[in-house]
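Enquirer: Before anything else, here's the structure in question.
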Amino acid sequence: MADDRIYYQLSPANPAAHYYQVRVRIPAPDPQGQRLTLPAWIPGSYMIRDFARNIVAIDAESKGKQVALTKLDKQSWQCEPLSGPLDVVYQVYAWDLSVRTAYLDSSQGFFNGTSLFLRVVGQENLPCHLELRPPPAPVTGIWRAVTTLPGVSLDDRGFGGYRADDYWRLLDHPVLMGSLQTVEFIAEGVPHQLVICGRAEFDRERLADDLERVCAHHVRFFGEMPAKRYLFMVMAVGDGYGGLEHLDSTVLICKRSDLPRLGLEEPDEDYRRFLGLCSHEYFHLWNVKRIRPKRLAQADLSSESHTRLLWAFEGITSYYDDLALVRCGVVKVGDYLETLAHTVTRVMRNPGRRRQSVAESSFDAWTKFYKQDENAPNAIVSYYAKGTLVAFGLDMMLRRISSDGVSLDELMRKLWLEYGQPDKPVPEEGIEQAAAELVGESLDDYFALAVHGTDDLPLDDWFRQLGIGFQLRPARSSEDKGGYCETAPTVESLPVLGASWRQSGDFVELLHVFEDGAAQRAGLSAGDRLVALDGLQITSDSLAGRIAVLALDRSVELLAFRRDELMRFQLRPLPAPDDTCDLWLLPDDECTPAQLARRKRWLQQ
Ligand code: ZN
């Protein structure tokens, strides 16, 4: 039988100049002229990134002779008609240390297939072979390569031959190379690895232990583990945060101080955030990688693909990422409520929640959520943050309607069995329909309010069902994000500017001016550089305090540069809005047995 595999050879050819070299061999190219194209975006990150702009040189040859290659658009080429085989050789610049693209220097290499592998148009469903070459000397340390692509002929450092069933699968197994530290554990019988690139010292046993509990919890939650192995690829840096989900792996970037230091007792905020990130990406293994929205499953990655469902794929995942940590016992109830309160605060501080629903935020992610400008807080809502609250509310609705018979947990398992396990992409109305089927009654009113609407959510009611105290109050300071407390604190509402800012040279530069706040009413704009308030110079550190002592019924003069023009504004401060969330556990004697029972089931305590 003829070998019809598409053969990709990848070499970290020039680490010092950050160039990968790729050779694609197509045994039977289209005789009319084979087309090749590189994706414009990567699944999981909904922004056009035009990866092809990093291709700096490209040539084609057949049977040892150069053949003509014509560029068709920003990311596609066509070869002159010929009867195969065809080899295309190109260099890709890779100097972006993020989870979404590709990176190469003499200390490490990382890539997503979307940044490097040209698609052979019309032959996407053929199996692919990847030959991963080691870097030429010199590089720092002894390099190993890790990926979840199945290996076929590898050396003891992971270089050699890999295979993928088709082009789309080739894209969904990123590769990390370098001097790597490895942590291994078994969760529910399945081997898991966490591989760290970059300088980091941490408590390996602690990390393996905590992650094993988190992963095992998620596997039990869905009832089965769809991958034969799982890999966390972590790039530890001085400052950074992010993750991207893949079929059997995830790529994370974190501060090295997020990793658990030796001797750490209770998880601190940094480590809880790291565990939350791991938990989030791991939950995606089911929710978005296998329970997939139809609109994204059909995408060929050449242009935007719009779905109104990101609130479900990111919001529900964000809800369970932290909830799982308390359920499996790696964080305490108070720590979890602290995180949840911060999420509520984040949503309440964005006036944009009144302009955009989470369904709209999902649909327009490409041009709004992923392209946030100075007006973003007034114009958009996060399908992550509000999506978390929508998922929480849906959980409370399902519990109430079914008298605690079912919850969002059962809905996720139903979605897994109906869509994920049989690999049937979810239509736009699929989540709402499945929820209604689960309880045998329409939830249209809930979805109209929470998913398609812009009114505030009845959070008070949802928390009360769990015997949890909830209040929204003014912030005490710019650092105050609310949180978990023993009882409701009383906080005085001080005058505020209604803007965020930073020090910029001798000026205080406004970053965001919030809708209908004092700054906007005074005529101030983002980008204005404030000089003096009431005749005295201001600094980033003094501004909040200077405003806080002003009288609410009196205007003061504020001087600011806009462009190079000095302007005068009359500022009349407004009281701080109730945008900061506190949560506390109501004492047992103030709760009904039903509230206590529901809280216990919710937290699985
Ligand atoms: Zn996510």
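Quick note: the sequence shown, position 363, residue 362 per numbering that gives the first Met the number 0, numbers continuous. For each residue, glycine too, the CB sits at the ideal point set by N, CA and C.
Unbroken beta strand (DSSP E) runs of length 3 or more, entirely within the region 511-550: which are they?
Expert: Segments of the beta strand (DSSP E) lying fully in the region 511-550: 528-532.
Enquirer: Measure the alpha-carbon distance for Ala449 versus Leu456 and round it to whole angstroms.
Expert: In a straight line, the C-alpha of Ala449 is about 7 angstroms away from that of Leu456.
Enquirer: Considering only residues of the same chain and omitting the five flanking positions on each side of Pro259, which have a CB-CB separation below 6 angstroms?
Expert: Phe201, Asp202, Arg205, Leu206 and Tyr270.
Enquirer: If I measure Cβ to Cβ from Asp533 and keep anything under 7 angstroms in the same chain, skipping five residues before and after, which residues do I get?
Expert: Only Val555 and Glu556 meet the Cβ criterion.
Enquirer: Taking its Cβ as the centre, do 16 or more other Cβ atoms sit within 10 Å of Gln495, making it buried, or is it exposed?
Expert: The question names Gln, but residue 495 is Val in the sequence shown. Val495 comes out buried.
Enquirer: List the endpoints of the continuous beta strand (DSSP E) containing His191.
Expert: Counting along the chain, the beta strand (DSSP E) containing His191 begins and ends at Val189 to Cys196.
Enquirer: Under the three-state reduction of DSSP, which class applies to His128: helix, strand or coil?
Expert: Correct three-state label for His128: strand.
Enquirer: Taking the CB atoms as reference points, tell me whether His341 and Thr316 lie closer together than 8 angstroms.
Expert: Not in contact: His341 and Thr316 (Cβ atoms no closer than 8 angstroms).
Enquirer: Going by alpha carbons, who is nearest to Ser476 out of Ser541, Asp49 and Lys70?
Expert: For the residues Ser541, Asp49 and Lys70, the minimum Cα distance to Ser476 belongs to Ser541.
Enquirer: The ligand ZN heavy atoms versus the CB of Thr316: any closer than 7 angstroms?
Expert: Yes - the ligand ZN has a heavy atom lying nearer than 7 angstroms to the Cβ of Thr316.
Enquirer: With a threshold of 8 angstroms, are at least 3 pairs of Cβ atoms found where one atom belongs to the region 0-17 and the other to the region 39-46?
Expert: The region 0-17, when compared against the region 39-46, does not touch it at the 8 angstroms Cβ threshold.
Enquirer: In angstroms with no decimal places, state the Cα-to-Cα distance between Ala296 and Ile290.
Expert: Approximately 10 angstroms, taken between the alpha carbons.
Enquirer: Please confirm whether Ala144 and Gly157 have their CB atoms less than 8 angstroms apart.
Expert: Their beta carbons are under 8 angstroms apart, which means Ala144 touches Gly157 by this criterion.
Enquirer: List the residues that DSSP assigns as beta-bridge partners of Gly177.
Expert: DSSP lists Gln107 and Arg143 as partners of Gly177.
Enquirer: Cα separation between Leu193 and Leu129?
Expert: Rounded to whole angstroms, Leu193 to Leu129 spans 23 angstroms at the Cα level.
Enquirer: Would you mind listing the beta strand (DSSP E) stretches within the region 230-271 that are 3+ residues and don't spill past its ends, in chain order?
Expert: You should have 241-244 and 248-254.
Enquirer: Pull the bridge partners of Pro292 from the DSSP assignment, please.
Expert: Per DSSP, Val425.
Enquirer: With a Cβ-Cβ cutoff of 8 angstroms, do Asn377 and Pro350 count as a contact?
Expert: Yes; because the gap between Cβ atoms is below 8 angstroms, this pair is in contact.
Enquirer: Less than 6 angstroms between C-beta atoms, sequence neighbours within five positions excluded: which residues of the same chain meet that for Tyr527?
Expert: The amino acid at residue 527 is misidentified as Tyr; the sequence shows Asp. Excluding positions up to five away in sequence, the list reads Leu509, Ala559 and Arg561.
Enquirer: Between Ala136 and Tyr89, how many whole angstroms is the CB-CB distance? I'm expecting something under 8 angstroms.
Expert: Incorrect: roughly 23 angstroms between the Cβ atoms, too far for contact.
Enquirer: For Pro473, list the residues DSSP reports as bridge partners.
Expert: In DSSP, Pro473 forms no bridge with anything.
Enquirer: If you compare alpha carbons, which of Pro592, Lys227 and Val332 is closest to Cys484?
Expert: Answer by Cα proximity: Val332.
Enquirer: For Pro227, count neighbouring C-beta atoms within 10 Å of its own C-beta (all shown protein chains included) and say buried if the count is 16 or more, exposed if not.
Expert: For the record, residue 227 in the displayed sequence is Lys; it is not Pro. Under this definition Lys227 is an exposed residue.
Enquirer: Just list the residues that DSSP pairs Trp500 with in beta bridges.
Expert: Answer by DSSP bridge pairing, in chain order: Leu509.
Enquirer: Might you give, ordered along the chain, the residues of its own chain that have their beta carbon closer than 6 angstroms to the beta carbon of Met395, omitting 5 neighbours on each side?
Expert: Within the same chain, Met395 has close Cβ partners Trp461 and Gln464.
Enquirer: Could you name the residues of the same chain whose beta carbon sits closer than 8 angstroms to that of Ser441, not counting the 5 residues immediately before and after it, in chain order?
Expert: Within the same chain, Ser441 has close Cβ partners Ala435.
Enquirer: Report the residue from Ser524, Asp505 and Leu471 whose alpha carbon sits nearest the alpha carbon of Glu514.
Expert: Closest by alpha carbon: Ser524.
Enquirer: Tell me which same chain residues have a C-beta within less than 8 angstroms of the C-beta of Leu175, skipping the five on either side of it?
Expert: Taken in chain order, the residues that qualify are Gln107, Gly108, Phe109, Ala144, Val145, Thr146, Val194, Cys196, Met232, Met234 and Val250.
Enquirer: Within 10 angstroms of its Cβ, does Trp94 collect 16 or more other Cβ (buried), or is it exposed?
Expert: So Trp94 counts as exposed.
Enquirer: With which residues is Lys385 paired in a DSSP beta bridge?
Expert: Paired residue(s): none; Lys385 is not in a bridge.
Enquirer: By how many angstroms is the C-alpha of Tyr383 removed from the C-alpha of Leu284?
Expert: Approximately 17 angstroms between the Cα atoms of the pair.
Enquirer: Cα separation between Met0 and Gly150?
Expert: Caution applies to Met0, whose pLDDT of 45 falls short of 50 and renders its modelled position unreliable; the model cannot decide the point.
Enquirer: Using a Cβ-Cβ cut-off of 6 angstroms (strictly less than) and excluding sequence neighbours within five positions of Gln8, which residues of its own chain qualify?
Expert: The answer, listed in chain order, is Arg22 and Glu130.
Enquirer: CA-CA distance, Val329 and Arg598?
Expert: Their backbone Cα atoms lie some 18 angstroms apart in a straight line.
Enquirer: Around the C-beta of Ala67, are 16 or more other C-beta atoms found within 10 angstroms, so that it is buried, or is it exposed?
Expert: Flag for Ala67 reads exposed.
Enquirer: Work out the CA separation of Leu582 and Asp171 for me, nearest whole Å.
Expert: Those two C-alpha atoms are separated by around 40 angstroms.
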